[in-house]
Amino acid sequence: MFGEENDLFDNILLADERFRGHGFQEGYEIGRCRGLKNGYKHGTSHGAKLSTEISFYYGFAFTWKCLLQDSPDPKSRKRLKALQALLGVIQNIALEDPQSEKLLEDMEKLRSKFRQVCSVLNVPADFKEYVQTPESKSF
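For the sequence shown, our numbering gives the first residue as 37, with consecutive numbering after it.
In structure tokens:
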């Protein structure tokens, strides 16, 4: 009889520890799922912004290259060379590993080259002036 009472008290004392363990595990799983969902949304959003920026630079360089190819202007050769360098930087960006430190370095190099090309072309270098996002439109 004394052994049964001791087991009953042990069960009561250990119940708090068991429930705390179950609560922790349940909370951990909920937090992990939320973290994965939020991380996925965050990564998708930033990946879309990055691809939009790279696509803009490519379209910008390609369009200017087409416009200047047959130009008789003596400065066109220097401008075309700068545009070709910008296109080369774009083509050499390693997009396979989004967590790579090299991607950050490549993007800084791309932005720098874009500003240089804009200077040579004598056009504003502000990315926001060229791209309108849905948030910036008003009706």
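The beta-carbon is built from N, C-alpha and C at its ideal position, and this holds for glycine as well.
Query - Contact under 8 Å by Cβ, V153 with A97 - result: yes
### Residue range of the unbroken alpha helix (DSSP H) whose run includes I126
112-127
Have a look at Q135, R115, L131 and flag the residue whose alpha-carbon is nearest the alpha-carbon of G149. Sequence inspection shows Lys at residue 149; the Gly mentioned does not correspond to that position. Cα-wise, what sits closest to K149 is R115.
Worksheet entry | Proximity of G157 and I129 at Cβ, strictly below 8 Å | Per the sequence shown, the amino acid found at residue 157 is Leu instead of Gly. No, these two residues do not count as a Cβ contact at 8 Å.
When we look at the beta-carbon of V125 and count the other beta-carbons within 10 Å, is it buried (16 or more) or exposed? buried
Practice task
Taking only the alpha-carbon atoms, compute the straight-line gap between L131 and G57 and give it to the nearest angstrom.
Solution key: 42 Å
| message | So, under 8 Å CB-CB, L72 and K101 are touching, yes? Tell me the CB distance rounded to an integer number of Å. | response | Contact flag wrong, Cβ pair sits at about 42 Å.
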